[in-house]
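What follows is a short report on a single structure.
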(Lines of atoms letter the chains of each structure in order from A and count residues from 1; the text may use other names and numbers.)
(Lines give C-alpha, C1' and ligand atoms only; values in the text may rest on other atoms or scores of the structure.)
Protein backbone atom coordinates (compact mmCIF):
# COMPACT_ATOMS: atom_id res chain seq x y z
CA UNK A 1 0.00 0.00 0.00
CA UNK A 2 1.42 3.37 -1.02
CA UNK A 3 1.47 6.25 1.40
CA UNK A 4 -0.05 9.45 0.15
CA UNK A 5 2.49 12.25 0.01
CA UNK A 6 1.42 15.37 1.88
CA UNK A 7 0.24 18.25 -0.26
CA UNK A 8 2.20 21.15 1.16
CA UNK A 9 0.60 23.82 -1.01
CA UNK A 10 -2.96 22.42 -0.96
CA UNK A 11 -3.46 22.72 -4.70
CA UNK A 12 -3.65 18.97 -5.31
CA UNK A 13 -6.29 18.61 -2.58
CA UNK A 14 -8.33 21.41 -4.15
CA UNK A 15 -8.05 19.89 -7.61
CA UNK A 16 -9.11 16.51 -6.27
CA UNK A 17 -12.18 18.08 -4.65
CA UNK A 18 -13.29 19.65 -7.96
CA UNK A 19 -11.83 17.00 -10.26
CA UNK A 20 -14.25 15.26 -12.55
CA UNK A 21 -16.23 16.56 -15.45
CA UNK A 22 -19.34 17.54 -13.51
CA UNK A 23 -18.29 18.71 -10.04
CA UNK A 24 -17.83 22.38 -10.87
CA UNK A 25 -21.19 22.47 -12.68
CA UNK A 26 -22.84 20.78 -9.69
CA UNK A 27 -21.16 23.21 -7.31
CA UNK A 28 -22.43 26.13 -9.38
CA UNK A 29 -26.02 24.86 -9.54
CA UNK A 30 -26.13 24.14 -5.82
CA UNK A 31 -24.75 27.54 -4.88
CA UNK A 32 -27.82 29.06 -6.57
CA UNK A 33 -30.28 27.03 -4.48
CA UNK A 34 -30.86 23.49 -3.18
CA UNK A 35 -31.88 20.95 -5.81
CA UNK A 36 -33.35 17.50 -5.95
CA UNK A 37 -31.59 14.69 -7.83
CA UNK A 38 -33.91 14.80 -10.86
CA UNK A 39 -33.56 18.59 -11.11
CA UNK A 40 -29.78 18.29 -11.21
CA UNK A 41 -30.03 15.63 -13.89
CA UNK A 42 -32.20 17.93 -16.04
CA UNK A 43 -29.89 20.90 -15.47
CA UNK A 44 -26.84 18.93 -16.62
CA UNK A 45 -27.70 17.33 -19.96
CA UNK A 46 -25.39 14.46 -20.75
CA UNK A 47 -24.71 13.32 -17.19
CA UNK A 48 -25.76 9.76 -16.46
CA UNK A 49 -27.62 8.79 -13.32
CA UNK A 50 -24.65 6.66 -12.22
CA UNK A 51 -22.11 9.47 -12.63
CA UNK A 52 -24.38 12.02 -10.97
CA UNK A 53 -24.77 9.69 -7.99
CA UNK A 54 -20.99 9.14 -7.79
CA UNK A 55 -20.16 12.84 -8.03
CA UNK A 56 -22.76 13.81 -5.41
CA UNK A 57 -21.49 11.14 -3.01
CA UNK A 58 -17.88 12.25 -3.46
CA UNK A 59 -18.82 15.88 -2.91
CA UNK A 60 -20.81 14.96 0.20
CA UNK A 61 -17.86 12.94 1.54
CA UNK A 62 -15.57 15.93 0.87
CA UNK A 63 -17.94 18.20 2.83
CA UNK A 64 -18.81 20.37 -0.18
CA UNK A 65 -22.52 19.57 -0.22
CA UNK A 66 -25.07 18.16 2.17
CA UNK A 67 -27.84 15.67 1.49
CA UNK A 68 -31.14 16.07 3.30
CA UNK A 69 -33.66 13.23 3.14
CA UNK A 70 -37.16 14.29 4.12
CA UNK A 71 -39.33 11.70 5.82
CA UNK A 72 -42.24 12.03 3.42
CA UNK A 73 -44.20 9.84 1.07
CA UNK A 74 -43.05 9.85 -1.66
CA UNK A 75 -39.48 10.23 -0.36
CA UNK A 76 -37.73 13.50 -1.16
CA UNK A 77 -34.00 14.25 -1.06
CA UNK A 78 -32.42 17.66 -1.54
CA UNK A 79 -28.79 18.56 -2.03
CA UNK A 80 -27.42 21.92 -0.91
CA UNK A 81 -24.04 23.57 -0.76
CA UNK A 82 -22.17 23.78 2.55
CA UNK A 83 -20.11 26.74 3.77
CA UNK A 84 -17.00 24.77 2.73
CA UNK A 85 -18.49 24.30 -0.73
CA UNK A 86 -19.25 28.01 -0.96
CA UNK A 87 -15.65 28.82 -0.15
CA UNK A 88 -14.50 26.46 -2.92
CA UNK A 89 -16.99 28.06 -5.29
CA UNK A 90 -15.23 31.40 -4.69
CA UNK A 91 -11.94 29.81 -5.77
CA UNK A 92 -13.55 28.20 -8.83
CA UNK A 93 -15.05 31.57 -9.81
CA UNK A 94 -11.58 33.13 -9.67
CA UNK A 95 -10.19 30.30 -11.80
CA UNK A 96 -13.02 30.82 -14.29
CA UNK A 97 -12.17 34.51 -14.59
CA UNK A 98 -8.52 33.63 -15.18
CA UNK A 99 -9.54 31.06 -17.80
CA UNK A 100 -11.56 33.68 -19.69
CA UNK A 101 -8.61 36.10 -19.61
CA UNK A 102 -6.32 33.36 -20.86
CA UNK A 103 -8.67 32.48 -23.72
CA UNK A 104 -8.77 36.17 -24.73
CA UNK A 105 -4.97 36.31 -24.61
CA UNK A 106 -4.71 33.20 -26.83
CA UNK A 107 -7.20 34.71 -29.30
CA UNK A 108 -5.12 37.90 -29.50
CA UNK A 109 -1.94 35.86 -30.05
CA UNK A 110 -3.52 33.94 -32.92
CA UNK A 111 -4.86 37.14 -34.49
CA UNK A 112 -1.44 38.82 -34.40
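In the UniProt record's numbering, the protein residues as written are 1 to 112.
Beta carbons: idealized from backbone N, C-alpha and C, even for Gly.
Problem set entry | Reduced DSSP secondary structure (H/G/I, E/B, other) of residue 78 | Taking the chain shown and counting its residues from 1, one reaches residue 78 at position 78. Strand, per DSSP.
Problem set entry | residue 68 classed as buried or exposed, judged by whether at least 16 other C-beta atoms fall within 10 angstroms | If you number the chain shown from 1, residue 68 lands on position 68. Flag for residue 68 reads exposed.
Problem set entry | residue 34 vs residue 79 beta-carbon contact at 8 Å | As a position in the chain shown, residue 34 is number 34, starting the count at 1. As a position in the chain shown, residue 79 is number 79, starting the count at 1. Contact: yes.
Exercise. Under 8 Å, do residue 52 and residue 65 count as touching if we go by C-beta distance?
Worked result: Along the chain shown, one-based indexing puts residue 52 at 52. Along the chain shown, one-based indexing puts residue 65 at 65. Going by C-beta atoms, residue 52 is not nearer than 8 Å to residue 65.
Problem set entry | Buried/exposed call for residue 50, threshold 16 Cβ in 10 Å | Residue 50 sits at position 50 when you count from the first residue of the chain shown. Flag for residue 50 reads exposed.
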